[in-house]
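Chemist:
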Amino acid sequence: AQGADARLVKIQAGLKAFGNDDIKLDGVIGARTKSAIKEFQSLFGLPQTGEPDEVVYAKMREIGLTD
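If you read the sequence shown in my numbering, its first letter stands for residue 3, the second for the next number, and so on.
#1: Which value, in whole angstroms, describes the spacing of the CA atoms of Pro49 and Ala60?
#2: Starting from Thr68, trace the alpha helix (DSSP H) both ways and give me its first and last residue.
#3: Going by other Cβ atoms of all chains shown within 10 Å of its Cβ, with 16 needed for buried, is Phe42 buried or exposed?
#4: Please go through the same chain and pick out, in chain order, the residues whose beta-carbon is closer than 6 Å to the beta-carbon of Ala3, but skip the five residues on each side of it.
#5: Terminal residues of the continuous alpha helix (DSSP H) containing Ile39?
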């Protein structure tokens, strides 16, 4: 699960860089992280799961929000 946690923190950092200033980089999928992920997914035409999945991570890498 270590890999997933690291990815989640990178996704949270990406969400923060995207303008969600109140996102905590805690590696926990709270309600705020879920809603920010859904918003991100919606903007990019991704399935709105609210989950920090590989699709979200790949899109963030593609647009330069995370490495």
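Beta carbons: idealized from backbone N, C-alpha and C, even for Gly.
Modeler: Well, looking at it:
#1: For the purposes of this step, residue 49 is identified with residue 47 of the sequence shown, where counting begins at 1. For the purposes of this step, residue 60 is identified with residue 58 of the sequence shown, where counting begins at 1. Their backbone Cα atoms lie some 13 Å apart in a straight line.
#2: One-based indexing of the sequence shown puts residue 68 at position 66. Per DSSP, Thr68 belongs to no alpha helix (DSSP H) and is neither H nor E.
#3: Looking up residue 42 in the sequence shown gives position 40. With 16 or more Cβ atoms within 10 Å of its Cβ, Phe42 is classed as buried.
#4: Counting from one through the sequence shown, the residue named residue 3 turns up at place 1. Low confidence applies here, because Ala3 scores a pLDDT of 47, under 50, leaving its location unreliable and the question unanswered by this model.
#5: By 1-based counting over the sequence shown, the position of residue 39 is 37. 33-45 is the span of the alpha helix (DSSP H), which, as asked, contains Ile39.
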